[in-house]
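Note that the protein sequences, when read in sequence, are chains A and B. If you read the first sequence in the working numbering, its first letter stands for residue 5, the second for the next number, and so on. If you read the second sequence in the working numbering, its first letter stands for residue 578, the second for the next number, and so on. Even glycine gets a Cβ: it sits at the ideal position worked out from N, Cα and C. Given the structure is predicted, the values throughout are model-derived calculations rather than measurements.
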Amino acid sequence: MACSPDQQGSSNRQMRVLLRDIDVKGIETFDVYRSRGGYSALEKAVRELSPADVRETVSKSGLRGRGGAGFPAGRKWSAIPANGDKPILVLCNADEGEPGTFKDRLLMLRLPHLLIEGIVLCAYAVGAHVGYIYLRGEFADCLRVLERALQEARSAGYLGENIAGSNFSFELHIHRGLGAYICGDENALIASLEGRRGWPRRKPPYIPVFIGLYGCPTVVNNVETLCNVSLIVKNGADWFAGIGTETSKGTKLFCLSGHVNRPGVYEAPMGTPLRELIFDLAGGIRGDRSFKAVFPGGVSVPILVEEHLDTPMDFESVPKAGSFLGSGGMIVMDDTTCMVSVALRCEQFYASESCGQCTPCREGTVWMTQILERIENGKGEKGDIELLLDICKNMIGQTLCPMGDFDAAPVESTIKYFREEYEEHIRGGGCPFRS
Amino acid sequence: MGKGVFSDEVMAKVAEIVRRYPHSARSAMLPLLWLAQREQGYVSMEAMEEIARIVGVAPVEVYDTASFYHMLHLEPAGKHEIHVCTNLACMLRGGMQVVEALEQRLGVKVGETTADGLVTLKQAECLACCDKAPVVQVDEEFVTDVTPEQLDRVLERLR
Numbered sequence: 005m006a007c008s009p010d011q012q013g014s015s016n017r018q019m020r021v022l023l024r025d026i027d028v029k030g031i032e033t034f035d036v037y038r039s040r041g042g043y044s045a046l047e048k049a050v051r052e053l054s055p056a057d058v059r060e061t062v063s064k065s066g067l068r069g070r071g072g073a074g075f076p077a078g079r080k081w082s083a084i085p086a087n088g089d090k091p092i093l094v095l096c097n098a099d100e101g102e103p104g105t106f107k108d109r110l111l112m113l114r115l116p117h118l119l120i121e122g123i124v125l126c127a128y129a130v131g132a133h134v135g136y137i138y139l140r141g142e143f144a145d146c147l148r149v150l151e152r153a154l155q156e157a158r159s160a161g162y163l164g165e166n167i168a169g170s171n172f173s174f175e176l177h178i179h180r181g182l183g184a185y186i187c188g189d190e191n192a193l194i195a196s197l198e199g200r201r202g203w204p205r206r207k208p209p210y211i212p213v214f215i216g217l218y219g220c221p222t223v224v225n226n227v228e229t230l231c232n233v234s235l236i237v238k239n240g241a242d243w244f245a246g247i248g249t250e251t252s253k254g255t256k257l258f259c260l261s262g263h264v265n266r267p268g269v270y271e272a273p274m275g276t277p278l279r280e281l282i283f284d285l286a287g288g289i290r291g292d293r294s295f296k297a298v299f300p301g302g303v304s305v306p307i308l309v310e311e312h313l314d315t316p317m318d319f320e321s322v323p324k325a326g327s328f329l330g331s332g333g334m335i336v337m338d339d340t341t342c343m344v345s346v347a348l349r350c351e352q353f354y355a356s357e358s359c360g361q362c363t364p365c366r367e368g369t370v371w372m373t374q375i376l377e378r379i380e381n382g383k384g385e386k387g388d389i390e391l392l393l394d395i396c397k398n399m400i401g402q403t404l405c406p407m408g409d410f411d412a413a414p415v416e417s418t419i420k421y422f423r424e425e426y427e428e429h430i431r432g433g434g435c436p437f438r439s
Numbered sequence: 578m579g580k581g582v583f584s585d586e587v588m589a590k591v592a593e594i595v596r597r598y599p600h601s602a603r604s605a606m607l608p609l610l611w612l613a614q615r616e617q618g619y620v621s622m623e624a625m626e627e628i629a630r631i632v633g634v635a636p637v638e639v640y641d642t643a644s645f646y647h648m649l650h651l652e653p654a655g656k657h658e659i660h661v662c663t664n665l666a667c668m669l670r671g672g673m674q675v676v677e678a679l680e681q682r683l684g685v686k687v688g689e690t691t692a693d694g695l696v697t698l699k700q701a702e703c704l705a706c707c708d709k710a711p712v713v714q715v716d717e718e719f720v721t722d723v724t725p726e727q728l729d730r731v732l733e734r735l736r
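Encoded structure:
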């Protein structure tokens with residue numbers, strides 16, 4: 005598997021915590037997972053810890069959401085209104101669709117029980133009795149693995165009535181999406197789970213812990229976040245808080261793709277410099293070409309370039325460099341890459357995936373696609389760059405969900421760092437990268 | 578019950594799906610639409626009416642939802658679907674060439690179905706296999722690190 009970089013002699017900065025057992029044969033099965041200490045955290049929790057203890061442990065660990073926003077998980081869980089009369093629901097966001105991101109898919113395929121254990125721990129901590137894994141529709145292989153794992157966990161008494169002999173009961177189901185990038189937005193995800201179009205809703209409330217699925221308090225966490233919960237309860241908050249930086253704790257799964265020698269998922273402490281991820285772990289740029297740019301957290305965040313290579317990859321440092329940690333999906337581009345065609349492909353994607361509710365995103369993505377198409381095809385006009393920037397300005401912060409910002413990021417940032425390349429397309433009447 | 582959309586056998590599965598949503602039957606909408614497509618090859622008007630009855634909403638609400646999702650077809654499509662990822666990570670590693678190769682071999686453009694109704698060719702957005710780009714999804718199976726020879730084998734298998 006491409007996720008076994010250790011065997012390729014490049015483990016200098018890898019720190020495998022989540023992925024410790026990823027290469028263990030049969031780790032996706034209950035028996036093997038159990039034999040490696042699996043479900044001991046859940047047993048400990050339901051027998052020895054109160055739900056408040058678990059919330060406290062997760063808060064103290066400093067765990068922040070791995071879906072892109074970095075919201076503190078413990079704070080989210082503790083915000084659930086106490087003594088409310090509505091049921092509390094737990095959702096696992098497994099709708100991994102951010103281009104360049106493939107870590108949750110790996111976790112689900114290889115470590116489904118680590119995820120299930122984390123979800124049940126979350127449910128115990130917040131007092132939920134029903135939960136759903138919102139699984140991206142395209143992931144038929146993950147569906148098969150998860151269905152089997154749920155069955156196994158149920159038979160072993162870790163799901164359903166009286167979990168691990170306690171009086172806590174929790175039922176977990178898989179809800180399969182049917183193809184819609186926007187459903188990765190937690191409010192769109194909730195609408196989709198309610199049997200509607202995946203339409204994000206107006207804020208506030210900013211997070212669904214107050215009003216979520218069916219209007220009930222709802223905790224939504226990403227796959228990687230929930231997998232971390234199992235380890236935190238097992239090894240303690242201090243152990244987790246000892247990894248990473250002051251404000252970004254733990255490890256992060258980084259997905260390296262594009263023009264690198266060894267694409268794959270690499271686990272490294274938060275704060276690992278961009279340069280080490282690209283040049284040590286992923287083996288550098290393939291074919292002896294040189295590095296040009298990288299989307300550090302999926303295509304929804306601004307690109308970073310050469311001058312940013314020493315940026316520590318954590319929630320605080322990447323924004324200082326002008327981008328975001330995002331999902332950890334890092335698409336690396338070498339010097340043969342045309343930045344106009346990159347921006348164009350991103351906007352085609354956004355035009356296809358815009359839910360259509362907000363005018364700036366629905367129309368803006370189509371306009372930008374058309375303008376970028378004509379620049380790439382040698383029909384760009386003077387003023388097109390300014391026009392693109394103007395459209396970006398009218399998207400950022402102007403939509404219900406963050407997608408307006410996502411739409412603008414690839415265009416605005418490629419113009420920022422490679423404006424000359426855009427000008428060359430317009431001046432020369434074509435793409436200089438096409439021979 | 579059934580009206581030709583869901584057989585008695587499938588109706589048992591329908592009941593099992595609805596049970597997963599103790600708080601709202603409407604939540605069964607997506608899984609039921611998917612079930613209908615699996616049974617009929619696409620989501621027909623009759624299926625949407627049947628689903629509306631099962632989850633207790635107006636048929637137009639089922640249509641409203643169904644028309645939003647890429648994986649649902651409201652019209653008959655090819656027996657098999659080939660989705661080629663051309664999103665950035667695959668584009669950087671030859672995804673567009675895979676599209677061209679398939680267009681040539683199948684004699685159709687993206688979005689079209691072969692004359693014999695066997696294959697519909699589609700362009701996919703990121704399929705989350707970027708470390709094994711370029712990637713193609715054939716029905717529910719992923720084919721990774723795609724080469725032209727592999728495409729021949731894949732097409733052979735479908736025929």
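Limits of the beta strand (DSSP E) - the one that residue i falls within
i, result
"B/GLU658", "657-662"
"B/VAL822", "In this structure chain B extends from 578 to 736, so residue 822 of chain B is not present and cannot be described."
Counterpart residues of residue i in DSSP-defined beta bridges
i, result
"A/ASP338", "A/PHE295"
"A/GLU271", "A/LEU257"
"A/GLY262", "A/VAL336"
"A/VAL309", "A/ALA297"
"A/LEU139", "A/ALA98 and A/ARG180"
"A/THR222", "A/LEU93"
"A/PHE174", "A/GLY164"
"B/THR719", "The question names Thr, but residue 719 of chain B in the sequence shown is Phe. B/GLN714, per the DSSP bridge assignment."
"B/ARG670", "Paired residue(s): none; B/ARG670 is not in a bridge."
"B/VAL696", "B/HIS657"
"A/GLY248", "A/LYS253"
"A/VAL134", "A/LEU93 and A/GLU175"
"A/PRO103", "None, per the DSSP bridge assignment."
"A/PRO277", "A/PRO316"
Three-state secondary structure assigned by DSSP to residue i
i, result
"A/CYS7", "Since pLDDT at A/CYS7 reaches only 41, below the 50 mark, its modelled position is unreliable, and no value is offered."
"A/GLY41", "coil"
"B/ALA701", "strand"
"A/SER15", "Here the model assigns A/SER15 a pLDDT of 47, short of 50, so the residue's position is not dependable, and the following value carries that caveat. Coil."
"A/PRO55", "helix"
"B/MET578", "With a pLDDT of only 41 at B/MET578, under 50, the local geometry of the prediction cannot be trusted, and the value read off the model is given with reservation. Of the three classes helix, strand and coil, the one that applies to B/MET578 here is coil, per DSSP."
"A/ILE26", "coil"
"A/VAL213", "coil"
"B/GLU733", "helix"
"A/ILE289", "strand"
"A/ARG68", "strand"
"A/VAL303", "coil"
"A/GLU385", "coil"
"A/PRO316", "strand"
"B/PRO725", "helix"
"B/SER601", "coil"
Check: residue i C-beta below 8 Å from any heavy atom of the ligand FMN
i, result
"A/LEU278", "This structure simply doesn't include the ligand FMN, nor any ligand for that matter."
Segment limits, alpha helix (DSSP H) that includes residue i
i, result
"A/GLU425", "407-432"
"A/HIS117", "116-130"
"A/ALA77", "77-82"
"A/SER2", "Absent from the model: residue 2 of chain A. The displayed extent of chain A is 5 to 439, so no value can be given."
"A/GLN155", "144-159"
"A/PRO323", "321-324"
"A/SER356", "343-357"
"A/LEU376", "363-380"
"B/LEU607", "606-617"
"B/SER584", "From DSSP, B/SER584 is part of no alpha helix (DSSP H); its letter is neither H nor E."
"A/GLU32", "No alpha helix (DSSP H) contains A/GLU32, which DSSP labels as neither H nor E."
"A/CYS231", "227-239"
* Contact between the stretch 254-264 of chain A and the stretch 328-341 of chain A: three or more CB pairs below 8 Å? -> Touching, yes.
* Asked: Which residue spans inside the stretch 628-652 of chain B form an unbroken beta strand (DSSP E) run of at least 3?
  -> none
* Spell out a yes or no on whether the stretch 222-240 of chain A and the stretch 310-327 of chain A are touching, meaning 3 or more CB-CB pairs, one atom from each, closer than 8 Å. => no
* Asked: Can we say the stretch 266-278 of chain A touches the stretch 309-326 of chain A, given the rule of at least three CB pairs closer than 8 Å?
  -> At 8 Å Cβ cutoff, the stretches touch.
* Asked: With contact counted as at least three CB pairs below 8 Å, one residue from each stretch, are the stretch 179-191 of chain A and the stretch 644-662 of chain B in contact?
  -> yes
* Should the stretch 63-82 of chain A be regarded as contacting the stretch 118-125 of chain A, the criterion being three or more beta carbon pairs within less than 8 Å? -> Not touching, per the Cβ criterion.
* **At least three beta-carbon pairs within less than 8 Å, the stretch 711-723 of chain B to the stretch 653-666 of chain B** => yes
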